[in-house]
Structure formats: C-alpha cells, structure tokens
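Notes follow the structure.
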Amino acid sequence: MSNFSLINKENIKNSSFVLDERESHHVVSVLRLKENDQLTLTDGQGTIYKAIVNEAHKKAVKGKILNKKFIKHERNYKVHLALPLIKNSRFKIALEKSVELGVDELTPIRFDKSVKSSINHDKLSSSIHSACKQSMRAYFPRLNKLKNFTEWHDDQSVNIVCLINSDKTIIEQLDTIKNLSKNKKINLIVGPEGDFSENEKKIINEKNFIKVNLGRTILRTETAIVSLISIINELLINNE
25 MSNFSLINKE NIKNSSFVLD ERESHHVVSV LRLKENDQLT LTDGQGTIYK
75 AIVNEAHKKA VKGKILNKKF IKHERNYKVH LALPLIKNSR FKIALEKSVE
125 LGVDELTPIR FDKSVKSSIN HDKLSSSIHS ACKQSMRAYF PRLNKLKNFT
175 EWHDDQSVNI VCLINSDKTI IEQLDTIKNL SKNKKINLIV GPEGDFSENE
225 KKIINEKNFI KVNLGRTILR TETAIVSLIS IINELLINNE
C-alpha cells in the first residue's frame, strides 16, 4: 500500500505540515505510520513532498517537510473523459481506472439511455483522491458537475467517440488525432449501457466527432473506457 497522502498547500508553513482529519485518520489507522516514519505528500497540483511524521494523531498528523520536487507533465495534451452514468459497481471501476491511467478531467454525463440520473459529487471526489494516492499521481484530475451529453461537446477540443460501427480504428485515425491534439484537450466519450440514442448519434455526426472502434467485440462500457484511454496514451506518447 502506498504511503501517499494529499495535503492542502495552506497547511504547509515554514517547512512544517499538518494533515486534515480525513488524511490523518488514513495515515494513522490504515497506513499505521508512527512518529519518525517517513511519508510522501502531494498537493495534487504537481508538487511531491518527502516528509517525516513528528506527531501521529488520528485528527491531526503533524511533521516536517524534508524536501520537495515539482513534477512536470509528461504529455503535451490533456485528456478529458466523459464518464457515462452506468451501474454503480461498473461506474466505480471506470472512474478509478481512468484516474489511474492519468485522465486530467472528468465529467459525469447523463445520456438518454443512462440507467441513473444523479451522482454523489463528494463521494466521487473521495474515490478520485483514493485512486490518485494509490497510483501516486502528482496531479489530481478535475471533477466537473453532472452534465447532459448535449452540454459536453467542446469545439475547441479534439472530440473522439468510441462507436462499434465506426469503420476506422484509433491507429487509422492516429494522424488526424496527432495533428489536432498538440497542446490541446482530447475529449473521450464512450456510450452508456444500451448505446447512444438515435438523437445522440445525430449530434455526434453533426459535430464531426472523430469516430473510432476498438474491434468488433462488444465491450462493456467500463472496459471500453479503460481500453480507449490506454491506447490513446500509448500511441500519442510513443509517437510524439
């Protein structure tokens, strides 16, 4: 288990730090750290701190910052995932794995065929923090409020949609994606359980989304999300 914790920059003063109650409880009760143990902190904005615990209490862990390092983004693009409202257990998998794979921004999306219509924003934020700490991410992704599909499209970004009936794979669309994506945001979207509605497919065509398929096997939504992010990252990072 990673001894990685989130800290608010405001809680670092004169090389000393104090964790909030939630992080302190995790450090003491889950990680079982004690006085003089070392841990790694991040502000979620790119800075990693090496620190040592001076006081280990469940409500307030305090200590000393030993050193810090700013981690530069390794990519020249950002990934924004449209996270469809699917069944809770599968939604959690999609959320956690997309965070571990490095998405920069997440927007829960309500589709015409979504199986639910609401989210618990605080609970999602907590899951994101846990996934970031587990994967030791220096940058925590932004979580947006729930939107309808029609509100999500962004003309200033590269919009990629996964469609099983698309006649092109990501590799076949790679040159187009590379030419458009440098220093831009890449919007990725996968349909909900039951697929896009006819009206949503019409919008996809009208807005000129880059359409890709992940093979002819019908994947579950969460599987398609993980595959799409992984392939995009691998192809773009290794072909910069």
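Numbered according to the working numbering, the sequence shown spans residues 25 to 264. Positions of the beta carbon are idealized from the N, C-alpha and C atoms, including for glycine.
Alpha-carbon spacing of residue i relative to residue j, whole angstroms
{"i": "residue 73", "j": "residue 197", "result": "40 Å"}
{"i": "residue 218", "j": "residue 144", "result": "23 Å"}
{"i": "residue 78", "j": "residue 48", "result": "12 Å"}
{"i": "residue 179", "j": "residue 131", "result": "16 Å"}
{"i": "residue 195", "j": "residue 36", "result": "46 Å"}
{"i": "residue 113", "j": "residue 38", "result": "43 Å"}
{"i": "residue 211", "j": "residue 164", "result": "17 Å"}
{"i": "residue 226", "j": "residue 119", "result": "27 Å"}
{"i": "residue 181", "j": "residue 82", "result": "44 Å"}
{"i": "residue 138", "j": "residue 175", "result": "15 Å"}
{"i": "residue 169", "j": "residue 40", "result": "34 Å"}
{"i": "residue 215", "j": "residue 46", "result": "35 Å"}
{"i": "residue 117", "j": "residue 241", "result": "20 Å"}
{"i": "residue 205", "j": "residue 92", "result": "31 Å"}
{"i": "residue 80", "j": "residue 255", "result": "42 Å"}
{"i": "residue 152", "j": "residue 223", "result": "31 Å"}
{"i": "residue 266", "j": "residue 66", "result": "Shown here, the chain extends from 25 to 264; a query on residue 266 therefore has no answer."}
Contact check, residue i vs residue j, beta carbons under 9 Å
{"i": "residue 232", "j": "residue 183", "result": "yes"}
{"i": "residue 173", "j": "residue 136", "result": "yes"}
{"i": "residue 89", "j": "residue 109", "result": "no"}
{"i": "residue 171", "j": "residue 102", "result": "no"}
{"i": "residue 51", "j": "residue 63", "result": "yes"}
{"i": "residue 32", "j": "residue 44", "result": "yes"}
{"i": "residue 57", "j": "residue 85", "result": "yes"}
{"i": "residue 107", "j": "residue 68", "result": "no"}
{"i": "residue 99", "j": "residue 257", "result": "yes"}
{"i": "residue 285", "j": "residue 167", "result": "Residue coverage of the chain in this structure runs from 25 to 264, which leaves residue 285 outside it and unanswerable."}
Within-9 Å CB hit, residue i to chain D
{"i": "residue 79", "result": "Absent here is chain D; the protein component of the structure consists of one chain."}
Cβ-based neighbour list, residue i, same chain, cut-off 6 Å, excluding 5 preceding and 5 following
{"i": "residue 121", "result": "250"}
{"i": "residue 105", "result": "122, 127, 130 and 212"}
Per-residue DSSP class, three states only, for residue i
{"i": "residue 29", "result": "strand"}
{"i": "residue 241", "result": "coil"}
{"i": "residue 54", "result": "helix"}
{"i": "residue 162", "result": "coil"}
{"i": "residue 109", "result": "coil"}
{"i": "residue 138", "result": "coil"}
{"i": "residue 180", "result": "coil"}
{"i": "residue 98", "result": "coil"}
{"i": "residue 40", "result": "strand"}
{"i": "residue 144", "result": "coil"}
Residues bridged to residue i [DSSP beta-bridge criterion]
{"i": "residue 84", "result": "Note: residue 84 sits in no beta bridge, so no partner."}
{"i": "residue 104", "result": "129 and 211"}
{"i": "residue 75", "result": "63 and 89"}
{"i": "residue 193", "result": "237"}
{"i": "residue 123", "result": "None, per the DSSP bridge assignment."}
{"i": "residue 185", "result": "213 and 235"}
{"i": "residue 167", "result": "130"}
{"i": "residue 172", "result": "134"}
7 Å Cβ shell around residue i - same chain, five flanking residues per side excluded
{"i": "residue 190", "result": "235, 236 and 237"}
{"i": "residue 200", "result": "234"}
Cβ-heavy atom distance, residue i to the ligand SAH, below 8 Å
{"i": "residue 225", "result": "The ligand SAH is not among the ligands present in this structure, which contains no ligands whatsoever."}
Own chain partners of residue i with C-beta closer than 8 Å, once the 5 adjacent residues on each side are dropped
{"i": "residue 192", "result": "235, 236 and 237"}
{"i": "residue 97", "result": "70 and 163"}
{"i": "residue 245", "result": "108, 110, 114, 118, 214, 215, 216 and 217"}
{"i": "residue 95", "result": "70, 71, 72, 162 and 163"}
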